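With the sequence shown counted from 1, adding 143 to any position gets you our numbering.
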Amino acid sequence: MFAFVLLAGFLVIIYCLAILAIKILMLCNNCAEEDAKKMIADWWQGNVSGQPKIAYELSNDNNYSREVYSSVEGIIGEARYNELCKLDEWSRALVFNDRHSGYPTVQITVNSSDKSEARRLQRILESITRRHILSYGDPANAKVLSFWSKDRVLCLPMLIIAYSRNGEEKAMLDRIEQDRLNELARRCAVRQGNFRV
Numbered sequence: 144m145f146a147f148v149l150l151a152g153f154l155v156i157i158y159c160l161a162i163l164a165i166k167i168l169m170l171c172n173n174c175a176e177e178d179a180k181k182m183i184a185d186w187w188q189g190n191v192s193g194q195p196k197i198a199y200e201l202s203n204d205n206n207y208s209r210e211v212y213s214s215v216e217g218i219i220g221e222a223r224y225n226e227l228c229k230l231d232e233w234s235r236a237l238v239f240n241d242r243h244s245g246y247p248t249v250q251i252t253v254n255s256s257d258k259s260e261a262r263r264l265q266r267i268l269e270s271i272t273r274r275h276i277l278s279y280g281d282p283a284n285a286k287v288l289s290f291w292s293k294d295r296v297l298c299l300p301m302l303i304i305a306y307s308r309n310g311e312e313k314a315m316l317d318r319i320e321q322d323r324l325n326e327l328a329r330r331c332a333v334r335q336g337n338f339r340v
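So, in structure tokens, the structure goes:
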């Protein structure tokens, strides 16, 4: 009987400490209760349980893939989407996940018909990616950048979405974003004739 009372007391103390830890995290990080609980769960998994923490990968998220596919089909139409699906059978054309220079990317090959459709695709797919990264990753270090390139195999436009899940990856994306802004400012200045390169 004494052992049962001792165990119950021990469990009550652990519960109170967990509630206190959640409240402290909410105050220190100015976050919601669910975020604080997720931080504690992540800490427990990475430090106490002995199991390594698995970094979130979009390539393993079936909900992300389904949402991307349905968005692409909704924007470009069923006929062009079916053409991409046929190409995807032998070339992984539609969505390809990769690590590029230390940060993860999702490469989506899409045959967009004009610039407004391309901008719409970029905005929507970047938004979907950002939402998934914020839901499963570290909100403080989550960043998403996207830009258009060309698929070398299929010679079709390819949207590259780079994302970060930790501070190191975010620092890389911050540098890329700053370099792109500097290049844009330089081009604008050259066009306006302010200086020559």
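Where is the CB? At the ideal position from N, CA and C, for every residue including glycine.
Please read all numbers here as calculations on a predicted model, not as lab measurements.
Just the C-alpha distance for L297 and T272, rounded to the nearest angstrom, thanks.
24 Å
Rounded to the nearest angstrom, what separates M301 and Y279 at their Cα positions?
25 Å
Nearest candidate by alpha-carbon position, reference Y207, set I167, L163 and V249
Among I167, L163 and V249, the Cα nearest to that of Y207 belongs to V249.
Where L302 falls: helix, strand or coil (DSSP):
Strand at L302.
What residues in its chain sit with their C-beta under 8 Å from that of V340, if we drop five residues either side in the sequence?
Reliability of the predicted coordinates at V340 is poor, the pLDDT of 48 falling under 50, and the value obtained from them is presented with this limitation in mind. Answer for V340: R329 and V333, listed in chain order.
Quick check on L160: buried or exposed, where buried means 16 or more other Cβ atoms within 10 Å of its Cβ?
Under the 10 Å beta carbon count, L160 is surrounded by fewer than 16 other beta carbons and is classified as exposed.
CB-CB length for M169 against A179, believed under 8 Å:
5 Å
Are the beta-carbon atoms belonging to D294 and T252 less than 8 Å from one another?
yes
Contact between the region 256-267 and the region 313-332 is defined here as three or more beta-carbon pairs at a separation below 8 Å; is this criterion met?
no
Going by DSSP, what residues sit across from W291 in a beta bridge?
L302
Give the secondary structure of S270 by DSSP, where H, G and I count as helix, E and B as strand, and everything else as coil.
helix
Can you give the Cα-Cα distance for V287 and M315, rounded to whole angstroms?
Straight-line Cα distance between these residues: approximately 11 Å.
Looking at C-alpha atoms only, which residue of K181, C171, I165 and R223 is the closest neighbour of D281?
K181
Which of helix, strand or coil does DSSP assign to S259?
helix
With distances taken Cα to Cα, identify the nearest neighbour of K84 among S259, S289, Y246 and E216.
A query on residue 84 cannot be resolved here, the shown segment of the chain reaching from 144 to 340 and no further.
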